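S.K.:
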Amino acid sequence: MSDTPAIVTEGLTKHYGEVKALEDLDLAISQGEIFGFLGPNGAGKTTTMRTILDLIRPTSGSARIMGLDSHYDSVEIRKHIGYVPGDLALYKKLTGRELLQYFANLRGGVDWTYVDGLADRLMSDLSRKIGEYSSGNRQKVGLIQAFMNKPSVLILDEPSTGLDPLVQQEFQAMLREVAADGRTVFLSSHTLSEVERVADRVAIIREGKLVVVDTMEALKDKAIRTVTFHFAAPIAEEVFSAVPGVRGVEVAGSAATVSFEGAMSGLLRAATDHDVVNLTHSEADLEEIFLAYYRNGQPAEQVGA
Amino acid sequence: MLATIFTKSIRDRSVAVVLSALAVALLGAGAVWIYRDVGDLIAQLVAGMPETVVSAVGLSGAGTGTTFVLGEMLNLLAPMVLGGIAISIGTSAIAGEERDGTLGLLLANPRSRTSVLLSKTWALLVMSAVGSLFLWGAVVVAVGLVGSEIGDLTLGAMAVHLMAFTMFMGGLALFIGAWTGNAGVASGASVGVLIFSFLAAGLLPLVNGLENVARIFPWYYFNSSKPIETGIDLIDLSVLVGGTALLIGGAVIGVNRRDLRAGAGGTLAERLLKGHPKVAGYVERMAGKPMVANIPIKTVTDHQFAATISAAAIFYTAVLVGPMFNGLSSTLGELTSAMPDALLRIVGGVDMSTPAGWYHAEVFSLVIPAAIGALTIMMGSRALAGEEDATTMDLLLVNPVTRSKVVVSKFVALVAMATLLGFATFIGTVGGVLLGGLDLTIMNIAGASFQGAALAVLLGASALLGGAWTGRPKTAAYSGIAVGLVGFVMYSFLPVNENLAVWAKLSPFYYYSDNLPLENGISWGYTGILFGVSLLLVGLASLAFERRDIRN
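In order, the protein sequence lines correspond to chains V and H. The opening position of the first sequence corresponds to residue -18 in the working numbering, with each subsequent residue numbered one higher. The opening position of the second sequence corresponds to residue 86 in the working numbering, with each subsequent residue numbered one higher.
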């Protein structure tokens, strides 16, 4: 694996007239990484991916895949990528296998034993016409065509749409295998639990602008979490309100629920000065982190890692 | 009736209907202007022709220069264009919504299938009426603007017949769509009926014993009574109106009887086909097995069904026209010698008393460009814009192929298909010539067929350019149709006026037929021009497609 980033965007900007779909996006995704890309509908995720793939052209800025310019070297790049579009449409008159053969002929280098293996894992029947598939089965064929030539970079826009939980699990295993193989996944998803399970790093985009990029662990550390302490006797709110990192305290008799961010040590010290009977701690999940970045004024823009 | 559905249906199509009617009116007025000096002479000559010959050469036989030329334009162009739009509206009503997967959503509202269908039917009827009446008004204004007069022409009667005819054609597409849920079948079969009934209404009266067979075709009831000269024929009109009512009634039954498609699943018609292995076998053989070796081969096999139908229609027309010649040649010979060039021009500028002239006028001047051109325009519009519209272009373009290669590959498929249909023309004409014992050389037939294919390639390339430029299939198709229609009118009418004749060289039809390839053999120069311009269009398409964002 070389040090060349799998995907780099520099000042990537796309305007449609007055509409600023993407503003000055800087991203660097390493090889062998699974990179989650989050944002609500219309935030600019699909625009980013289609610009990187040279399907639409940036107003300014540039993108590189495996060190190659996304526009000038687009044909060379396409030998090394797999893509599932967000709004997946396939040729309805072809069977699943015929569709895969068509793209295999255009790409070359497809091992059909591997393709059959993928079809088995995703429980996909390739003998039927695509027009007769349910949306989930269509999505499986879309995934197989993206994986089948073992691309160096997979660009997947909402790839789990329509998949049942069993197939989703298998798909996540396939993503991990790709990363273990030193290949890269750039994944946009609304299924936050999926991103949380597989992604090494996550970017959140809002209104075309990058809000944050960080590792899952760092994001969780920065997230506001809650701890509920149960004491032997009623407790005063002031015990916690002055502790650094505490964002809110709710007291109900002998129980205190504290929202905080950062390290827990100060909070624990304040609590253990009293007679703690029990404590429950909820782990911050990606959904809370994601929502936090979309709450009013939350948080200040920060781009790290 | 559901006002919302009615209003939406009207809004979706009103611009197309009004613009098309306006275009036909302007073309009519332009033709009147071009013919202003020679029209009266032609009209007198046509008035003296026997009925069968007038029908054979496709003339209307109206009284004055203006009325004669307007009759020519309105009796052919108006029903073709407005009938085509009505078919498109009828198709989209039920089958189109099923194809787009929106019908299920529509019917999830508390409305019955019948009320949805009838609301859309009302929109179809209103649009047919508006188009015909607007055309009537536009013709009156446009003819006034070029300084001519309508005279005794009963344009209102023509508009009423046109209205009933377009309603029938729209009703037919609605009926087929309601029973099959297949938009391709609904529009394809209805367009087939439109074109075939035009040919049949003109040709069948020439064949002894088959005169009355023409009565089974809707076109017969549109203009066999010559409403533009003699006013409304209530019997013919009632046949069209009654037929439309039956089709609408049948559509109501059809849409209520079957499972709706959601991009998948079978319709009643499909189940019936599958129930009859022989029929199913034929259909599958015609549609062919998809081949996916590369982009051109896949593109050709995508259109195999339409190509098979077109090839069969071309073949049978070309075969049947041969034996007809013998019965008519002497009458045609006497008349042709008396015709001035201006009149000959309308039937393709040929001497119809010769086998070459007969075949040119009846098959090559209009039928071949229309039949092959329709397919190449369809291919051209689907090539890029169609894939973008279906959102499959993203997946195609993330393969290691340049956009230019995609454009060129699609063009190669288009050339291959035009060549195949040119070959069907060749075989059919050779068959007709052998059956009729006519004196036409195989090389000249091959040359004319090849030039026909070259013209169709240019029309398809125009659609390809329209699609490459905009990414919109309708704009792409209209680009090809516009080049074809305007080119045909320019080549047919401009040479009549000496001052304007030179402008006919701007029409691709000039390079298709001005050398009369059936008589004189292929013109490699003209064929080269047709292919050269096509390549230029493909080059421009490639540039346009390279530079823009792909729609999704």
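The beta carbon of each residue, even a glycine, is placed where N, CA and C say it ideally should be. If you're wondering where the values come from, they're calculated on a predicted model, not measured in any experiment.
Less than 9 Å between CB atoms is the rule here; does A378 (chain H) satisfy it with respect to chain V?
M.R.: The residue given as residue 378 (chain H) occupies position 293 in the second sequence. Closer than 9 Å: yes.
S.K.: So with Cβ pairs under 9 Å, would you call K93 (chain H) a contact of chain V?
M.R.: Indexing the second sequence from 1 puts residue 93 (chain H) at position 8. For K93 (chain H), the answer is no, since every Cβ of chain V falls outside 9 Å of its Cβ.
S.K.: At the level of alpha carbons, what is the spacing between M243 (chain H) and P312 (chain H)?
M.R.: Taking the first residue of the second sequence as position 1, residue 243 (chain H) is located at position 158. Taking the first residue of the second sequence as position 1, residue 312 (chain H) is located at position 227. Straight-line Cα distance between these residues: approximately 5 Å.
S.K.: Which partner residues of Y(-3) (chain V) appear in the DSSP bridge assignment?
M.R.: Residue numbering aside, residue -3 (chain V) sits at position 16 when the first sequence is read from its first letter. Partner(s): V:V0.
S.K.: Hey, is the stretch 10 to 18 of chain V in contact with the stretch 173 to 186 of chain V, meaning 3+ C-beta pairs nearer than 8 Å?
M.R.: Touching, yes.
S.K.: Does DSSP put L71 (chain V) in a helix, in a strand, or in coil?
M.R.: Position 90 of the first sequence, counted from the first residue, corresponds to residue 71 (chain V). In the structure shown, L71 (chain V) sits in coil (DSSP, three-state: anything other than H, G, I, E or B).
S.K.: Which same chain residues end up closer than 8 Å to E296 (chain H) when comparing Cβ atoms and leaving out the 5 residues on each side of it in sequence?
M.R.: Counting from one through the second sequence, the residue named residue 296 (chain H) turns up at place 211. Result list for E296 (chain H): L289, P290, in chain order.
S.K.: Please confirm if A70 (chain V) has its CB atom under 9 Å from at least one CB of chain H.
M.R.: Position 89 of the first sequence, counted from the start, is the residue given in the question as residue 70 (chain V). Answer yes: the Cβ-Cβ gap between A70 (chain V) and chain H drops below 9 Å somewhere.
S.K.: Is A208 (chain H) close to chain V? Criterion is C-beta to C-beta, closer than 9 Å.
M.R.: Looking up residue 208 (chain H) in the second sequence gives position 123. Chain V contact via Cβ: absent.
S.K.: Tell me Y53 (chain V)'s beta-bridge partners as DSSP assigns them.
M.R.: The residue labelled residue 53 (chain V) in the question sits at position 72 within the first sequence. Partner(s): none; Y53 (chain V) has no beta bridge.
S.K.: Quick check: S213 (chain H) and G255 (chain H), are their CB atoms within less than 9 Å of each other?
M.R.: Here residue 213 (chain H) is taken as the residue at index 128 of the second sequence, counted from 1. Here residue 255 (chain H) is taken as the residue at index 170 of the second sequence, counted from 1. Result yes, Cβ atoms of S213 (chain H) and G255 (chain H) sit closer than 9 Å.
S.K.: Three-state secondary structure (DSSP) at N259 (chain V)?
M.R.: Counting from one through the first sequence, the residue named residue 259 (chain V) turns up at place 278. Three-state DSSP puts N259 (chain V) in a strand.
S.K.: For I270 (chain V), which residues from the same chain have a beta carbon less than 6 Å from its beta carbon, with the 5 sequence-adjacent residues on both sides left out?
M.R.: To locate residue 270 (chain V), count along the first sequence from 1; it is residue 289. Within the same chain, I270 (chain V) has close Cβ partners L200, A204.
S.K.: Report the option in V:T(-15), V:P21, V:A85, V:T94 whose CA atom is closest to the CA atom of R45 (chain V).
M.R.: Within the first sequence, residue 45 (chain V) is the residue found at index 64, counting from 1. R45 (chain V) has its Cα closest to that of V:T(-15), out of V:T(-15), V:P21, V:A85, V:T94.
S.K.: Under the rule that 16 or more other beta-carbon atoms within 10 Å means buried, what is Y596 (chain H), buried or exposed?
M.R.: Position 511 of the second sequence, counted from the first residue, corresponds to residue 596 (chain H). That one is buried.
S.K.: By Cβ distance below 8 Å, which residues in the same chain neighbour I635 (chain H) in space, the five residues on each side in sequence not counted?
M.R.: Position 550 of the second sequence, counted from the first residue, corresponds to residue 635 (chain H). Excluding sequence neighbours, I635 (chain H) sits near E473, M478, D479, L482, G556.
S.K.: State the DSSP-derived secondary structure class of V448 (chain H), mapped to helix, strand or coil.
M.R.: For the purposes of this step, residue 448 (chain H) is taken as residue 363 along the second sequence, with counting starting at 1. In this structure, V448 (chain H) counts as helix in the three-state DSSP scheme.
S.K.: Can the beta-carbon of I179 (chain H) be found less than 9 Å from the beta-carbon of V385 (chain H)?
M.R.: Against the second sequence, residue 179 (chain H) aligns to sequence position 94. Against the second sequence, residue 385 (chain H) aligns to sequence position 300. The answer is no: Cβ separation not under 9 Å.
S.K.: Any contact between the stretch 83 to 101 of chain V and the stretch 504 to 516 of chain H? By contact I mean 3 or more CB pairs, one from each, below 8 Å.
M.R.: The stretch 83 to 101 of chain V is not in contact with the stretch 504 to 516 of chain H.
S.K.: At the 9 Å Cβ level, is D599 (chain H) part of the contact set with chain V, yes or no?
M.R.: Position 514 of the second sequence, counted from the start, is the residue given in the question as residue 599 (chain H). Chain V, which has no Cβ nearer than 9 Å to the Cβ of D599 (chain H), makes this no.
S.K.: Per the contact definition of three or more C-beta pairs closer than 8 Å, is the stretch 449 to 463 of chain H in contact with the stretch 49 to 60 of chain V?
M.R.: The stretch 49 to 60 of chain V is not in contact with the stretch 449 to 463 of chain H.
S.K.: Taking F18 (chain V) as part of the beta strand (DSSP E), name the residues at either end of that continuous run.
M.R.: For the purposes of this step, residue 18 (chain V) is identified with residue 37 of the first sequence, where counting begins at 1. Element bounds for F18 (chain V): 15 to 19.
S.K.: Does the beta-carbon distance from Q126 (chain V) to G143 (chain V) come in below 9 Å?
M.R.: Mapped onto the first sequence, residue 126 (chain V) falls at position 145. Mapped onto the first sequence, residue 143 (chain V) falls at position 162. Taking 9 Å as the Cβ cut-off, Q126 (chain V) and G143 (chain V) do not qualify as a contacting pair.
S.K.: Which class does G569 (chain H) belong to by DSSP, given the choice of helix, strand or coil?
M.R.: Looking up residue 569 (chain H) in the second sequence gives position 484. Residue state, collapsed to three classes: helix.
S.K.: Just reading off the beta strand (DSSP E) that G229 (chain V) is part of, what are its end residues?
M.R.: Reading the first sequence from its first residue, position 248 is the one you call residue 229 (chain V). That run of the beta strand (DSSP E) goes 227 to 233.
S.K.: Counting only beta-carbon separations shorter than 9 Å, does A271 (chain H) have a partner in chain A?
M.R.: Although the question refers to chain A, the structure presented lacks it and instead comprises the protein chains V and H.
S.K.: Taking all protein chains shown into account, do 16 or more other C-beta atoms lie within 10 angstroms of the C-beta of A214 (chain V), making it buried, or fewer, making it exposed?
M.R.: Your numbering for residue 214 (chain V) matches position 233 in the first sequence. It counts as exposed.
S.K.: For L80 (chain V), tell me which candidate among V:S108, V:G90, V:H61 has the shortest Cα-Cα distance.
M.R.: Looking up residue 80 (chain V) in the first sequence gives position 99. Ranking V:S108, V:G90, V:H61 by Cα distance to L80 (chain V) puts V:S108 first.
S.K.: Name, please, each residue of chain H whose Cβ falls closer than 9 Å to the Cβ of Q82 (chain V).
M.R.: Within the first sequence, the letter at position 101 stands for residue 82 (chain V). Going along chain H in sequence order, the residues near Q82 (chain V) (Cβ under 9 Å) are V377, A378.
S.K.: Count the C-beta pairs between the stretch 308 to 327 of chain H and the stretch 183 to 194 of chain H that are closer than 8 Å, then say yes if the count reaches three, no if not.
M.R.: Because the criterion of three Cβ pairs below 8 Å is not met, the stretch 308 to 327 of chain H and the stretch 183 to 194 of chain H do not touch.
S.K.: In its own chain, which residues sit with a C-beta less than 7 Å from the C-beta of V270 (chain H), not counting the 5 before and 5 after it?
M.R.: Walking along the second sequence from the start, residue 270 (chain H) turns up at place 185. Cβ neighbours of V270 (chain H) beyond the five flanking positions: I261.
S.K.: How about the stretch 525 to 535 of chain H and the stretch 569 to 579 of chain H: do they share at least three Cβ pairs that are nearer than 8 Å?
M.R.: At 8 Å Cβ cutoff, the stretches do not touch.
S.K.: With 16 as the cutoff for other CB atoms within 10 Å, does K26 (chain V) come out buried or exposed?
M.R.: Within the first sequence, residue 26 (chain V) is the residue found at index 45, counting from 1. K26 (chain V) comes out buried.
S.K.: What are the uninterrupted segments assigned as alpha helix (DSSP H) that are 4 or more residues long and contained completely in the stretch 124 to 190 of chain V, given in chain order?
M.R.: List check, alpha helix (DSSP H) in window: 146 to 161, 173 to 179.
S.K.: Looking at the strands, I want to know which residues DSSP matches up with K110 (chain V).
M.R.: As a working mapping, residue 110 (chain V) is identified with position 129 in the first sequence. Per DSSP, V:T76.
S.K.: Quick one: grab the DSSP three-state call for L480 (chain H).
M.R.: As a first step, residue 480 (chain H) is located in the second sequence; it is residue number 395 there, counting from the start. Looking at L480 (chain H) - three-state DSSP - the assignment turns out to be helix.
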